[in-house]
Amino acid sequence: MLTSVKYVLQSLLNTLIFMPKALAVGFCAGILLLVIVRPDKPLRRFFDYFCTATYLFVVAKLTFFTRESGSHPRAIDFQLLGTFHPGTPAGQFFYENILLFIPAGIFLPILFPVQRRWYRTLLSGCLCSCTIEFAQLITGRGYCQVDDVLTNSLGTLIGYAIWFLCSLPYRRKHGAEGHDKGKNNSRSSRKKR
25 MLTSVKYVLQ
35 SLLNTLIFMP
45 KALAVGFCAG
55 ILLLVIVRPD
65 KPLRRFFDYF
75 CTATYLFVVA
85 KLTFFTRESG
95 SHPRAIDFQL
105 LGTFHPGTPA
115 GQFFYENILL
125 FIPAGIFLPI
135 LFPVQRRWYR
145 TLLSGCLCSC
155 TIEFAQLITG
165 RGYCQVDDVL
175 TNSLGTLIGY
185 AIWFLCSLPY
195 RRKHGAEGHD
205 KGKNNSRSSR
215 KKR
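First residue of the sequence shown: 25, per the working numbering; consecutive thereafter.
Right, here's the structure in full:
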């Protein structure tokens, strides 16, 4: 287990090489989305957009752009837990795939109120993972593995649990749907008039 942790930490350190680009993309996307969307709370929304865009850049870089087209076989690996090899360098992929999608489980319910149900967030994370795996199959830029969809979905669920627990005090104070509750109340009060 400690060996796998060591490999995962080394892999995370390797991503620091392209973090300046990811942060620049996140900053530009955050500003652009603020101009387009014009949210009620611009500073908070900028932070949400910035983090999400930075995360998406990192995911794209890790899953596609660090690999050459055609460098992996164009086949589907249906073996479940095929990447689970604790204590080996190959075992790091199991944990990395979980870690990679934890932010998705956090950002989806923050950016999209409809995602504030666990099953919707899980389904969205699974669909995103399937999209990545399918694109890797088509381009040959990675292994298309059912195991990756399973571990990415688990990461999404863990991320959702983190969001759920961290947002609990806010949601208790403002209602189940948080700040959107006020908008719904104003609509229903207009209908009653």
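Just so you know, even glycine gets a beta-carbon here, dropped at the ideal spot from N, CA and C. Predicted model, so just to flag it, every value in this text is computed and none were measured.
Local conformation of residue i per DSSP, three classes
{"i": "Asp171", "result": "helix"}
{"i": "Lys207", "result": "With a pLDDT of only 46 at Lys207, under the threshold of 50, the placement of this residue in the model should not be trusted; the figure read from the coordinates follows. Three-state result, Lys207: helix."}
{"i": "Asp64", "result": "coil"}
{"i": "Leu56", "result": "helix"}
{"i": "Glu294", "result": "Past the edges of the chain, shown from 25 to 217, lies residue 294, and the structure says nothing about it."}
{"i": "Thr155", "result": "helix"}
{"i": "Arg141", "result": "coil"}
{"i": "Leu47", "result": "helix"}
{"i": "Leu123", "result": "helix"}
{"i": "Tyr31", "result": "helix"}
{"i": "Leu37", "result": "helix"}
Exposed unless 16 or more other CB atoms sit within 10 angstroms - verdict on residue i
{"i": "Glu157", "result": "buried"}
{"i": "Arg217", "result": "Residue placement at Arg217 cannot be trusted, given a pLDDT of 46 that sits under 50; the coordinates are not used to answer."}
{"i": "Gly38", "result": "Note on identity: in this sequence residue 38 is Asn, with Gly being the wrong assignment. By the neighbour-count rule (16 or more Cβ atoms within 10 Å), Asn38 is not buried but exposed."}
{"i": "Pro112", "result": "According to the sequence shown, residue 112 is Thr rather than Pro. By the 10 Å Cβ count, Thr112 comes out exposed."}
{"i": "Pro44", "result": "exposed"}
{"i": "Phe118", "result": "buried"}
{"i": "Ile122", "result": "buried"}
Whole-number beta carbon distance between residue j and residue i, since they are thought to touch under 8 angstroms
{"i": "Tyr184", "j": "Gly129", "result": "4 angstroms"}
{"i": "Leu104", "j": "Asp172", "result": "Not really, about 11 angstroms apart at Cβ, beyond 8 angstroms."}
{"i": "Gly164", "j": "Ser93", "result": "6 angstroms"}
{"i": "Asn176", "j": "Phe108", "result": "Actually they do not touch by this definition, with Cβ atoms about 14 angstroms apart."}
{"i": "Ala99", "j": "Cys168", "result": "7 angstroms"}
{"i": "Ala53", "j": "Ala77", "result": "3 angstroms"}
Bridge partners - residue i, DSSP secondary structure assignment
{"i": "Ile100", "result": "Cys168"}
Beta-carbon proximity list for residue i, same chain, < 7 angstroms, skipping 5 on both sides
{"i": "Ser148", "result": "Leu132, Gln139"}
{"i": "Thr145", "result": "Gly129, Leu132, Pro133, Gln139, Thr180, Tyr184"}
{"i": "Pro127", "result": "Tyr79, Gly183"}
Own chain residues within Cβ distance below 8 angstroms of residue i, not counting five before or after
{"i": "Ser35", "result": "Gln116, Glu120"}
{"i": "Cys154", "result": "Val173"}
Beta-carbon proximity list for residue i, same chain, < 6 angstroms, skipping 5 on both sides
{"i": "Tyr31", "result": "Pro113, Gln116"}
{"i": "Phe88", "result": "Arg165"}
{"i": "Pro63", "result": "Arg69"}
{"i": "Gly50", "result": "Phe74, Ala77, Thr78"}
8 angstroms Cβ cutoff, residue i in contact with chain D
{"i": "Met43", "result": "Within the model displayed, chain D is absent; a lone protein chain is all it includes."}
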